[in-house]
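The opening position of the sequence shown corresponds to residue 39 in this note's numbering, with each subsequent residue numbered one higher. Just so it is clear, CB atoms sit at the ideal spot from N, CA and C, and this is done for glycine as well. Notes follow the structure.
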Amino acid sequence: MENLAFLTSPDMISHDTIAENIGIQPRSVLKFIDIHKSRLEEFGPVSYEFIPPKRTGRPRKVYLLNKSQALQVIDWTRNLKRNNQKAAIFKDKILSDKEMLEKIATKKLSETLASEDSF
39 MENLAFLTSP DMISHDTIAE NIGIQPRSVL KFIDIHKSRL EEFGPVSYEF IPPKRTGRPR
99 KVYLLNKSQA LQVIDWTRNL KRNNQKAAIF KDKILSDKEM LEKIATKKLS ETLASEDSF
């Protein structure tokens, strides 16, 4: 659970990461997202990419969710019987990472504004 962000963007979380951290099968999260995709699109576009297999076979679809979408999926999966505690812990981790990213962005913005003022 060290690095929650997917490799392509620090603001995106893969459905595989969600499944791994709350203790359910990635296929279950994938189906869940497929079923509720229109509801998730209220929080922004739902993006995905196809990952080529390590050996032979068909590419695998991996959903990439923004923080709001990921939190919504975690909330919905908390209703599943055995995942309640893991889902709550993972949600807290995402929220703390989001707050940390916002602090970093605010700090960079203030540094940029300060450097512009010095000219």
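- Excluding residues up to 5 positions away in sequence, Ile89 lie with their Cβ nearer than 6 Å to the Cβ of Arg98 in the same chain.
- For Ala108, the CB contacts under 7 Å within the same chain, skipping 5 residues up- and downstream, are Ile51, Ile56 and Ile132 in chain order.
- Boundaries of the beta strand (DSSP E) around Ile89: Ser85 to Ile89.
- Closest in C-alpha terms to Trp114, from the list Gln63, His74 and Asp130, comes His74.
- Lys124 sits away from Ile71, with the two beta carbons spaced by 9 Å or more.
- Rounded to whole angstroms, the gap between the alpha carbons of Gln110 and Arg96 is 29 Å.
- Counting every other CB atom within 10 Å of its CB across the protein chains shown gives Ile112 a total of 16 or more, marking it as buried.
- Each residue's CA atom was taken as its position, placing Lys129 and Glu87 some 23 Å apart.
- If you look at Arg93, you'll find it isn't in any beta strand (DSSP E); DSSP assigns it neither H nor E.
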